[in-house]
Amino acid sequence: MIITTGGIKGGSGKTTLATNLAIYFSAQGRDVLFVDADDQGSAHAFSLQRAAATGGQTGYTAIRQSDKEVRSEVLKLAGKFDDVVIDTGGRDTTSQRAALSITDVYLAPFYPRSLDVWTLEKVESLVSEMQLVNPKLRAFSFINRADSQGGDNKDVADLLGESSVITYLDTPLVQRKAFANAISYGLGIFEMKPRDKKATDEFKALYDALFSDLAIKAY
Ligand SMILES: Nc1ncnc2c1ncn2[C@@H]1O[C@H](COP(=O)(O)OP(=O)(O)O)[C@@H](O)[C@H]1O
Ligand SMILES: [Mg+2]
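Using the numbering used here, the first residue of the sequence shown is number 2, and each one after it goes up by one.
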């Protein structure tokens, strides 16, 4: 399965999600290709940190691609892997469109603030256009860096939930130091010691919501 993290806003948590998905798949014994399709290279930098932290045992194969090559190179390699995770940048780029042209699943995190949520329509248009060339594409949204309390999450959840193009997963990841710390150590959220149970429970709930029978069949 090919999974792409995207959106058209920086800082929503695309790379955080992508690194955790790649590591989580790999921890289940799956062969994972992790593609950094963002010219900023955050996923690549993470993988270097992870290689240093694990003595080279990252658990996945990491590559960097941009522009149309995101499509051609991933198509060439995808058959050799169980899963491909593609991390894209926070703009509507050729790289993100190339990823959308081949991905099965598109996952867009939303930081629950107006400026971020106002990009929803544009993300919907992007997904709709790419579904014309890639009819198997399924798109999902969720709230990341949620406030631990307050009504903002609910308002944003209602807005995201109204989309008919992008399925809203009501399994937010709260703003937690553990998510940010894991990235800086080159680790997945489950690898942190001590574990932050709230953070791992949230990630598992998101993962289960995505790969439940309801959301994605045949996985
Ligand atoms: N749930 C979270 N809790 C705390 N910090 C987070 C969370 N998700 C992301 N971050 C932090 O927010 C920043 C942006 O996340 P990142 O994954 O790089 O976003 P993007 O790839 O969409 O630009 C990073 O510093 C990251 O560590
Ligand atoms: Mg990123």
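We put the beta carbon where it would ideally sit given N, CA and C, even for glycine.
Here the structure is a predicted model, which is why all the values come from computation and not from measurement.
{"Asked": "Between Leu121 and Leu161, what straight-line distance do the alpha-carbon atoms span, to the nearest angstrom?", "Found": "8 angstroms"}
{"Asked": "Pull the bridge partners of Phe35 from the DSSP assignment, please.", "Found": "Ala63, Val86"}
{"Asked": "Do Ile24 and Gly151 have their C-beta atoms closer together than 8 angstroms?", "Found": "no"}
{"Asked": "Hey, quick one: how far does the alpha helix (DSSP H) through Glu98 stretch, first residue to last?", "Found": "Here residue 98 is Arg; the residue named in the question, Glu, does not match the sequence. Its alpha helix (DSSP H) spans residues 95-101."}
{"Asked": "With hydrogens ignored, establish whether the beta-carbon of Lys194 is closer than 7 angstroms to any heavy atom of ligand 2.", "Found": "no"}
{"Asked": "Can you say whether Pro173 is buried or exposed, counting buried as having 16 or more other CB atoms within 10 angstroms of its CB?", "Found": "buried"}
{"Asked": "Could you name each continuous beta strand (DSSP E) segment of 3 residues or more that falls completely within the segment 146-199, going from the start of the chain to the end?", "Found": "none"}
{"Asked": "According to the Cβ coordinates, are Arg65 and Gly42 closer than 8 angstroms?", "Found": "yes"}
{"Asked": "Report yes or no: do the segment 42-56 and the segment 197-216 share at least 3 C-beta pairs separated by less than 8 angstroms?", "Found": "no"}
{"Asked": "I'd like to know whether the C-beta atoms of Asp83 and Asp32 end up nearer to each other than 8 angstroms.", "Found": "yes"}
{"Asked": "Take Leu22 and list the residues in its own chain whose beta-carbon comes closer than 7 angstroms to its own, dropping the five residues that flank it on each side.", "Found": "Ile4, Val86"}
{"Asked": "For Ala100, collect the residues of the same chain with a Cβ closer than 6 angstroms to its Cβ; drop the 5 residues on either side in sequence, then sort them by chain order.", "Found": "Thr5, Ala38, Val71, Ile87, Thr89"}
{"Asked": "With ligand 1 as the reference, list in chain order each residue whose Cβ lies under 6 angstroms from any of its heavy atoms.", "Found": "Gly11, Gly12, Ser13, Gly14, Lys15, Thr16, Thr17, Ser43, Gly91, Asn145, Arg146, Leu174, Gln176, Arg177, Phe180, Ala181, Ile184"}
{"Asked": "Quick check: does the Cβ of Asp88 come within less than 7 angstroms of any heavy atom belonging to ligand 2?", "Found": "yes"}
{"Asked": "Let me know the secondary structure DSSP gives Ser115 once reduced to three states.", "Found": "helix"}
{"Asked": "Round the Cβ separation of Val166 and Ser129 to the nearest angstrom and send it over; I've been treating them as touching at under 8 angstroms.", "Found": "6 angstroms"}
{"Asked": "With a CB to CB cut of under 6 angstroms and the five nearest residues on each side skipped, what residues in its chain are close to Thr20?", "Found": "Phe47"}
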